[in-house]
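Engineer: The structure's right below; bear with me while I get my questions together.
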């Protein structure tokens, strides 16, 4: 079991560029979650999918951020026109249907210059 | 405002000592979870304690929950260098575990 795989581990973008972050959940897990972690705000919920369907995106900034899960083996988080305040570690997690235990990946550290 | 928060930002202990991290929360909950995050890794769940439980153990870890004071503690006995990490408590007001609110975390240093 390789765990949740996130790529890339580090990404540096210039202000205004687009960033796409990838997540491969644990095989057999039905739920996928995205969280953002910063020093100031801590760990914040962004969005989650269940059986590939978007369920709750209440934590997503309404502009520029979007998440998709085109198949059961991967999810993407896309940030358009990145801003310095988007710099953070973006964490993906997956779980079985009950979601009692989230299994986090190691995250993607996004730096926007 | 944080729905869950740890009471201390940082702790330092010597290897072999015991340590307790405390957490308070602000809403009615069905369960509280403790997570540990080591440097360069994502958080990993340690213990899930339900609102009808007062104590739960996992090896050297012991969590308590006091719903009347809306507080929880995580104790680690016989600490090891590898216990060095940030410890978070997390709650979900909806009771479905789908949208966790994490505290700011307590940074524990066991080895220099």
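Residue numbers (the numbering used here), protein chains in the order written: chain A, 920 to 1032; chain B, 16 to 127. Ideal placement from N, C-alpha and C gives every residue a C-beta, glycine not left out.
Any beta carbon of chain B sitting closer than 8 Å to that of residue 976 of chain A?
Structural biologist: Judged by the 8 Å Cβ criterion, residue 976 of chain A is not in contact with chain B.
Engineer: Within 10 angstroms of its Cβ, does residue 955 of chain A collect 16 or more other Cβ (buried), or is it exposed?
Structural biologist: With 16 or more other Cβ atoms within 10 Å, it is buried.
Engineer: Beta carbons nearer than 9 Å to chain A: which residues of the stretch 49-83 of chain B have them?
Structural biologist: Answer in chain order: 50, 52, 55, 56, 57, 58, 59, 60 and 63.
Engineer: Hey, would you say the C-beta of residue 959 of chain A is under 7 Å away from at least one heavy atom of the ligand NAP?
Structural biologist: Of ligands this structure carries none, so the ligand NAP is not represented either.
Engineer: Using 10 angstroms around the beta-carbon of residue 38 of chain B, count the other beta-carbons present and answer buried if the total reaches 16, otherwise exposed.
Structural biologist: Per the 10 Å Cβ criterion, buried.
Engineer: Roughly how far, in whole angstroms, is the beta-carbon of residue 923 of chain A from the beta-carbon of residue 1012 of chain A, given that I think they are within contact range, below 8 Å?
Structural biologist: The Cβ separation is near 6 Å, so the contact holds.
Engineer: Quick test of your reading: residue 93 of chain B and residue 961 of chain A, contact by CB under 8 Å. State the CB separation rounded to the nearest angstrom.
Structural biologist: Wrong, their Cβ atoms sit about 29 Å apart, outside the cutoff.
Engineer: By Cβ distance below 7 Å, which residues in the same chain neighbour residue 969 of chain A in space, the five residues on each side in sequence not counted?
Structural biologist: Contacts found: 949 and 950.
Engineer: Between B:36, B:20 and B:30, which has its C-alpha nearest residue 77 of chain B's C-alpha?
Structural biologist: For the residues B:36, B:20 and B:30, the minimum Cα distance to residue 77 of chain B belongs to B:36.
Engineer: According to the Cβ coordinates, are residue 101 of chain B and residue 79 of chain B closer than 8 Å?
Structural biologist: Taking 8 Å as the Cβ cut-off, residue 101 of chain B and residue 79 of chain B do not qualify as a contacting pair.
Engineer: Could you please tell me which residues of the stretch 994-1028 of chain A, in chain order, have their CB closer than 9 Å to any CB of chain B?
Structural biologist: Correct list: 1008, 1010, 1011, 1012, 1014, 1017, 1018, 1019, 1020, 1021, 1022, 1023, 1024, 1025 and 1026.
Engineer: Measuring alpha carbon to alpha carbon, tell me which of A:927, A:967, A:946 and A:939 ends up nearest residue 979 of chain A.
Structural biologist: When only C-alpha atoms are compared, the closest one is A:967.
Engineer: Assign residue 114 of chain B to buried or exposed, taking buried as 16 or more other Cβ atoms, counted over all protein chains shown, within 10 Å of its Cβ.
Structural biologist: The residue in question, residue 114 of chain B, is buried, as its Cβ has 16 or more Cβ neighbours within 10 Å.
Engineer: Establish whether the CB of residue 26 of chain B and some CB of chain A are separated by less than 8 Å.
Structural biologist: Cβ-Cβ to chain A under 8 Å: no for residue 26 of chain B.
Engineer: Give the interface partners of residue 119 of chain B over in chain A, defined as CB-CB distance under 7 Å, in chain order.
Structural biologist: Within 7 Å Cβ-Cβ: 961.
Engineer: Check the Cβ-Cβ distances between residue 114 of chain B and every residue of chain A, and say whether any is below 8 Å.
Structural biologist: Yes - at least one Cβ of chain A is within 8 Å of the one on residue 114 of chain B.
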